[in-house]
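So the protein lines, in turn, are chains P and F.
For the first sequence, the UniProt record's numbering gives the first residue as 1, with consecutive numbering after it.
For the second sequence, the UniProt record's numbering gives the first residue as 1, with consecutive numbering after it.
Just so it is clear, CB atoms sit at the ideal spot from N, CA and C, and this is done for glycine as well.
Protein chains: 2
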Amino acid sequence: MHTEFQQYLFGQTDLPDETIRQVCYLAKPKVLRRNESILGTGEICRHKVFVMKGLLKTYHTTTDGHEHILQFSPEQSWTLDVESYDRQVPSRVSIAAVERSEILCWRKTDFDTLLAELPALKQFAEQLISRNTYYSRQRMLTMLSGTPEERYEDFVQRFPGFLSRLPLRMIAAYLGISLKTLTRIRHAQYRR
Amino acid sequence: MHTEFQQYLFGQTDLPDETIRQVCYLAKPKVLRRNESILGTGEICRHKVFVMKGLLKTYHTTTDGHEHILQFSPEQSWTLDVESYDRQVPSRVSIAAVERSEILCWRKTDFDTLLAELPALKQFAEQLISRNTYYSRQRMLTMLSGTPEERYEDFVQRFPGFLSRLPLRMIAAYLGISLKTLTRIRHAQYRR
DNA sequence: GCTAAACAAGGTCATTTGACCATACTTTCA
DNA sequence: TGAAAGTATGGTCAAATGACCTTGTTTAGC
């Protein structure tokens, strides 16, 4: 059961099989339809989520209806709203499936127990946090210094697989540009 | 000695006096002149830094000479290039003093030892990482969804003290807008 | 398989933004 | 104190960008 996750942990950590089974045991699988939400603005993020198949987005919708995307979470990655999860306060972002997805959920209390009991898991979690920090910084730098075209190029290079799975308007919402600007960039590149 | 730092730890953590002294013991104080650098692009970040007095900036300069600021670090805060420090690889950013500053430096090996020996310190460090993550997300969201004026307003509200200590061009470099745009915003607000 | 919704792309136009230049003022430090 | 560097502001202009609308195409889900 949860083969994708077991393989993931096996490949990424040194955890013994027995421990991996222990982690799996507390996970609840769930299937999400396209556009189905797992966390809405104002709700409290009560679960840690691992994506086995599919693609999720973490986003925020402004009062005038514009959507802005903070993160895409493809298969073999984790997602949650950190602030809401850690402090159990209402979330300012939403999380939903971009396409049909299969996920695993852990209740916070359960996962906290696992982290406390399994130093190797804790260490792995810290690694993930670090990587996340590095990428956030890099993305901020790109936002500050790159033109829309450079940001798009960076996105394509960094996430080659996403281009074909995401509607362009979501890529625009991730890059912080309008759909119009994105199509202009693509048109200009096509002509080269 | 290092009174500012002792008071900081005393106020922010439950560490006993003896432990605080232990942490202080390994710190090397340093005075930075205005514009003096403590980390240049390509160098390896070998120290963890606490700012007792003054103000530092973490920034990147693009090939065409534009400066982009990732972070300001005022008194009572920490600074380093995470990626370079953690993995001891060349840094892609620089850190320098905006104004005359007094800092404390710990060698990475020394601080790692402290973290390993003092669970309470480790826990505090994790708290700082969390806060940093929350703010990064928030800032990214503001970058994605806010107009330059909204970003400026947000900055002023969040860091009221910085306005008078920083040249406007650095604020522009932090907000990702040109100095021209920033002065336009301020001019418009002044007329209201 | 069909229908309704979602989507990409193009046109037009007003607005925003940045690049470049000049100027006046302020700060630094020798 | 005085020269030099740094700084804020303004003018002008071209380019980039977004808002709004239309059209043709694709996709999802019954």
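Check: Cut-off 7 Å between Cβ atoms - residues of its own chain near Arg46 of chain F, not counting five sequence neighbours on either side; Outcome: Arg107, Lys108
Check: Extent of the continuous beta strand (DSSP E) run through Thr79 of chain P; Outcome: 77-79
Check: Residue range of the alpha helix (DSSP H) that includes Thr58 of chain F; Outcome: Per DSSP, Thr58 of chain F belongs to no alpha helix (DSSP H); it is in the beta strand (DSSP E), 47-61.
Check: Under 9 Å by beta carbon: chain P residues contacting Glu83 of chain F; Outcome: Ser130, Thr133, Tyr134, Arg137, Gln138
Check: Expected contact under 8 Å - CB spacing of Tyr85 of chain P and Lys48 of chain P to nearest Å; Outcome: 7 Å
Check: Nearest candidate by alpha-carbon position, reference Leu124 of chain F, set F:Ile20, F:Glu4, F:Ile185; Outcome: Here residue 124 of chain F is Phe; the residue named in the question, Leu, does not match the sequence. Ranking the options by Cα distance to Phe124 of chain F, first place goes to F:Ile20.
Check: Contact residues within the segment 156-188 of chain P, judged by C-beta distance below 7 Å to chain F; Outcome: Gly176
Check: Opening and closing residue of the beta strand (DSSP E) in which Asp94 of chain F lies; Outcome: Sequence check: residue 94 of chain F is Ser here, not Asp. Looking at the DSSP string, the run of the beta strand (DSSP E) that includes Ser94 of chain F is 94-107.
Check: N-terminal and C-terminal residue of the alpha helix (DSSP H) that Pro148 of chain P is part of; Outcome: 148-158
Check: Arg92 of chain F versus His68 of chain F - alpha carbon distance; Outcome: 12 Å
Check: Distance CB(Leu55 of chain F)-CB(Phe162 of chain F) smaller than 9 Å; Outcome: yes
Check: Member of P:Leu80, P:Tyr59, P:Arg165, P:Arg151 whose CA lies at the smallest distance from the CA of Phe50 of chain P; Outcome: P:Leu80
Check: Contact with chain P by Leu70 of chain F, beta-carbon distance below 9 Å; Outcome: yes
Check: Close beta carbons around Thr181 of chain F, own chain, < 6 Å, minus the five adjacent residues each side; Outcome: Pro148
Check: Selection of the segment 87-101 of chain F by Cβ proximity to chain P, strictly under 9 Å; Outcome: Arg87, Arg92, Val93
Check: Cβ contact check for the segment 172-190 of chain F and the segment 152-159 of chain F: 3 or more pairs under 8 Å; Outcome: yes
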